[in-house]
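Written out as structure tokens, the structure reads:
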């Protein structure tokens, strides 16, 4: 099993090199088939790793440099179920994006090579146990996606989106690097487990706090959490839909995964006394993102941008799971990331089908959007309901009502926004008249993704497996002992009981769907009767929807300062 | 936001950011102490364990070789992305290289530049190859040497015209070269996986310290990286030069 | 003196961000991004510096001689490559923007519709 570990990264990298080198001479169809085959094999390998990491960490020490006496000189992949599941999600979304893109002309061998490097980077990101290795894969994923967003270089909107994205994400990445430098200065190590051990034996001070804030901000920029969200609307709004699928289905969730991984393996020991205050700060950020994102989605008129704001809102919901700093919440995040990521990818695939240059099919896309909205609202059997239920159970009894309200309200409003889009497309005049049998690839992808989300909500044991996986990730001492091959005395394995969710998700989901449909229908009725949306409503939102690079970086700075203040106070 | 408001908001945010960052910096080990567990061990171990005298290369290509593989592919992806973004679009046309600002007389390349440029091409390429080959002995390695090699190519352009560059360095061959370099790194890693204990296991003969054929597989990796970086930089240069010199949007569509 | 290099790194970070938000020229903006990047290089190298130590290359010095931290130098190498490639990509974007819109003003770019 350990020998398998580097393969899901090595194979797509070689594939990328082969595509670049031979792309000129090989017909495009063959190149696309090759990419599909590679993505599928990576998906299978990651699924094997999920099974193989059930009882113990799968460890692979690159270069054969094994740790001695608790010091790790080499780089390792330290694969637990959570990481392997994240890698599987990445492979699934990439496969879906490639298949959706097959019908377009713009995808050539070089673009496919970039998709392959994105896949390799995402998988490596989830599997690694070394913080600088994490940064390298993070940058590889970023650079590949910058290129993919701008793949249609004659479209200035896409170039602008790519430029916005590249500047914001680069500044965020170098914040992460600064945090890594600070931690290296304090701990003398780059291996996550070793760093955690070194930090835990000391008292926390401002250096640790600043490192935590800088690293968190860098990854939260990637996840497009408010106020670092400006780039996503531009990029997902103007890039080709399959690239947007990658962004919202996979990249966002991986940013949050990094925050969770780094917090639990490096910082959880030293921040244990302050966990309640820290939890509060993170919950405020998460809740703000969820609510503001939902409001922006409701207010936005353009379809792709609206879906981008829906995605931002749901990233806030995922962050709620991480912010709870608790195994149930983390398990909920895991389930929700997969379910919601697949749903959002399905929505963007539908957007691709709605205004496809050759076979536009707005009505079919509207149907997909409708089903997707049910998933967004959290209606069982979709696994989104399971994820939300687990997150809710991670909250203490005092915060649970507020959390529930935020979860419910954001899901309802975003579902309403998507249903509104579906209604618009259903009544769209243009429809493909010719060739009824071609151009359905995107529909197959959407349908498959939504079916996976529904099936996953029904399969027994998902909740239990998720909580067990979360238990593994949150147990810093056991992780460190396993990675560094030191005796595991005193590291009791946590066994969080799986919460029984009962009929509550069904009731909440039904209520959400009803209210969402009502809101969407009511708005459509008012618009068709000639009522203009009031200018007073839209004015405050223009600040949050700015497209200027300068504004985005300003808010990045302000957001970092505020988060820094909050975490510093939490550590007092 | 208007400019004034943005500057004010940023100023406030920057104060907070500066406080956050400086308060951490003053708690760093004081400048000059250079404490590090990993660093001390690696400095002591690199020569006896791997017969590599340049410890930085030892870290980059042996102890933490997988990081450098990722870094090499970041470069690869960026070159691919630049090629994608700057490729000729459907509404663009390749024109002869004519100075876009009409009415301005462009002097031909002076003889001094021509002679010096051509004379320096050889030594530059030789120097680049030297740096690539000696990465494990003295400061240098694949990345640095690859950049110097690419500079040699740039000298050809400076000494001549764009069409010389284009003729001497066919783009497809260079793409193949870059891909071979990139795939080569992963292939060397897989060799370690199959015949050794782990990916990127340095299973080559370690040889004598200080000789060119020492340090196992590290010189091979250096060569692969050197080829990839040199080819990649040439592709970057030609993409930018082509944009500036020969690509023009079709008339009437600006 | 003990913290001066670190303060310089902090200053570079702040002034680079200031440059980005007040920029009226996209090329200037991209260069400011690389100023922010260089603040990290300085921080890394300053952390690894050891007084009275020399470069970590044992080709011409005896083993056991005190050397500066080689790990941060290796990290810095990686970061320089990453930074340079990102800058190249950003400049490619800027080039296309200028070709298509004729302007290099970030504010004008922001006001443009999709």
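Protein chains in written order, with the numbering used here: chain Z, 1 to 572; chain U, 1001 to 1254; chain L, 2001 to 2114. Glycine is no exception: its CB is placed at the ideal position from the N, C-alpha and C atoms. Quick caveat, the model's predicted, so the values are computed rather than measured.
#1: Whose CA, out of 153(Z), 115(Z), 107(Z), lies closest to the CA of residue 141(Z)?
#2: For chain Z, check one thing: does any of its Cβ atoms lie closer than 8 angstroms to the Cβ of residue 1202(U)?
#3: Taking Cβ positions only, does residue 206(Z) come closer than 8 angstroms to chain U?
#4: With H, G and I counted as helix, E and B as strand and the rest as coil, what does DSSP make of residue 128(Z)?
#5: Taking the alpha-carbon positions, what's the residue 2093(L) to residue 303(Z) distance?
#6: When every heavy atom of the ligand MG is checked, does at least one fall within less than 7 angstroms of the C-beta of residue 1044(U)?
#7: Out of 122(Z), 35(Z), 422(Z), state which residue places its alpha-carbon closest to the alpha-carbon of residue 250(Z).
#8: To the nearest angstrom, how far is it from the Cα of residue 369(Z) to the Cα of residue 418(Z)?
#9: Measure the C-alpha to C-alpha separation of residue 2055(L) and residue 2047(L) and round it to an integer number of angstroms.
#10: Below 7 angstroms on C-beta distance, what does residue 2079(L) contact in chain Z?
#11: In whole angstroms, what separates the C-alpha of residue 1204(U) from that of residue 1040(U)?
#12: Check the Cβ of residue 2048(L) against every Cβ in chain U and list those closer than 8 angstroms, keeping chain order.
#13: Within 8 angstroms of any Cβ in chain U, is that where the Cβ of residue 60(Z) sits?
#14: Provide the residue(s) that pair with residue 60(Z) in DSSP beta bridges, ordered along the chain.
#15: Using the beta-carbon of each residue, which ones in chain U are nearer than 8 angstroms to residue 2106(L)?
#16: Check whether the Cβ atoms of residue 233(Z) and residue 173(Z) lie closer than 8 angstroms to each other.
#17: Name the DSSP beta bridge partners of residue 2050(L), please?
#18: Is the distance from the Cβ of residue 254(Z) to the Cβ of residue 125(Z) below 8 angstroms?
#19: Is the beta carbon of residue 343(Z) less than 8 angstroms from the beta carbon of residue 372(Z)?
#20: Which same chain residues, not among the five before or five after residue 341(Z), have their C-beta less than 7 angstroms away from its C-beta?
#21: For residue 569(Z) and chain U, any beta-carbon pair shorter than 8 angstroms?
#22: Nearest by alpha-carbon distance to residue 1029(U): which of 2062(L), 2006(L), 2096(L), 2088(L) is it?
#23: Suppose you measure from the CA of residue 478(Z) to the CA of residue 353(Z); what does that come to, to the nearest Å?
#24: Mind checking which residues open and close the alpha helix (DSSP H) that includes residue 1092(U)?
#25: Exposed or buried, residue 1105(U), counting other C-beta atoms within 10 Å across all chains shown (16 or more means buried)?
#26: Taking C-beta pairs closer than 7 angstroms, name the residues in chain L that residue 557(Z) reaches, listed in chain order.
#27: Got a sec? Which residues, its chain only, sit under 7 angstroms from residue 2096(L) by beta carbon, not counting five neighbours each side?
#28: Give the straight-line distance between the Cα atoms of residue 556(Z) and residue 511(Z), rounded to the nearest whole angstrom.
#29: Measuring alpha carbon to alpha carbon, tell me which residue in 84(Z), 100(Z), 144(Z) is nearest residue 111(Z).
#30: Span of the alpha helix (DSSP H) holding residue 174(Z)?
#31: Using a Cβ distance threshold of 8 angstroms, determine whether the segment 1016-1032 of chain U contacts the segment 191-210 of chain Z, with at least three qualifying pairs required.
#32: In three-state DSSP terms, what is residue 68(Z)?
#33: Less than 6 angstroms between C-beta atoms, sequence neighbours within five positions excluded: which residues of the same chain meet that for residue 109(Z)?
#34: Residue 1054(U) to residue 305(Z), Cα distance in whole Å?
#35: So the candidates are 507(Z), 570(Z), 348(Z), 416(Z); which of them puts its Cα closest to the Cα of residue 524(Z)?
#36: Which full runs of the alpha helix (DSSP H) of 4+ residues lie inside the segment 372-434 of chain Z, going along the chain?
So, from the listed chains and residues:
#1: The shortest Cα separation from residue 141(Z) among 153(Z), 115(Z), 107(Z) belongs to 115(Z).
#2: Interface annotation, residue 1202(U): in contact with chain Z, CB-CB separation under 8 angstroms.
#3: For residue 206(Z), at least one C-beta of chain U is nearer than 8 angstroms to its own C-beta.
#4: Correct three-state label for residue 128(Z): strand.
#5: Rounded to whole angstroms, residue 2093(L) to residue 303(Z) spans 25 angstroms at the Cα level.
#6: As for the ligand MG, it is missing from this structure, which has no ligand bound.
#7: Restricting attention to 122(Z), 35(Z), 422(Z), the CA atom closest to the CA of residue 250(Z) is found in 122(Z).
#8: Approximately 7 angstroms between the Cα atoms of the pair.
#9: Looking at the two C-alpha atoms, the distance is approximately 14 angstroms.
#10: In chain order: 177.
#11: Rounded to the nearest angstrom, the two C-alpha atoms are 25 angstroms apart.
#12: Chain-ordered, the chain U residues with CB closer than 8 angstroms to the CB of residue 2048(L) read 1034, 1036, 1039.
#13: The beta carbon of residue 60(Z) sits closer than 8 angstroms to some beta carbon of chain U.
#14: DSSP output for residue 60(Z) lists 77(Z) as bridge partner(s).
#15: Chain order gives no chain U residues near residue 2106(L), where near means a beta carbon separation below 8 angstroms; the closest approach is about 11 angstroms.
#16: Cβ atoms of residue 233(Z) and residue 173(Z): not closer than 8 angstroms.
#17: Bridge partners of residue 2050(L): 1032(U), 1033(U).
#18: Against a cut-off of 8 angstroms, the Cβ pair of residue 125(Z) and residue 254(Z) comes out as a contact.
#19: Yes, these two residues count as a Cβ contact at 8 angstroms.
#20: Answer for residue 341(Z): 89, 93, 249, 250, 253, listed in chain order.
#21: Output row for residue 569(Z): interface = no.
#22: Among 2062(L), 2006(L), 2096(L), 2088(L), the Cα nearest to that of residue 1029(U) is on 2006(L).
#23: Going by the C-alpha atoms only, they are around 48 angstroms apart.
#24: It is not in any alpha helix (DSSP H) - residue 1092(U) instead sits in the beta strand (DSSP E) that spans 1092-1094.
#25: Exposed: under 16 other Cβ atoms inside 10 Å.
#26: Within chain L, the residues near residue 557(Z) are 2017.
#27: If the five residues before and after residue 2096(L) are omitted, its C-beta is found closer than 7 angstroms to no C-beta atom of its own chain.
#28: Answer to the nearest angstrom: the Cα atoms are 36 angstroms apart.
#29: For residue 111(Z), the nearest C-alpha among the options comes from 144(Z).
#30: Per DSSP, residue 174(Z) is one residue of the alpha helix (DSSP H) stretching across 156-187.
#31: Contact holds between the segment 1016-1032 of chain U and the segment 191-210 of chain Z, because three or more Cβ pairs, one in each stretch, are under 8 angstroms apart.
#32: Secondary structure at residue 68(Z): strand, using DSSP grouped into helix, strand and coil.
#33: Cβ-Cβ distances below 6 angstroms link residue 109(Z) to 19, 23, 31 in the same chain, with the five nearest sequence neighbours on each side left out; the list follows chain order.
#34: Roughly 51 angstroms between the two C-alpha positions.
#35: Per the Cα distances, 416(Z).
#36: 383-393, 400-426, all fully within the segment 372-434 of chain Z.
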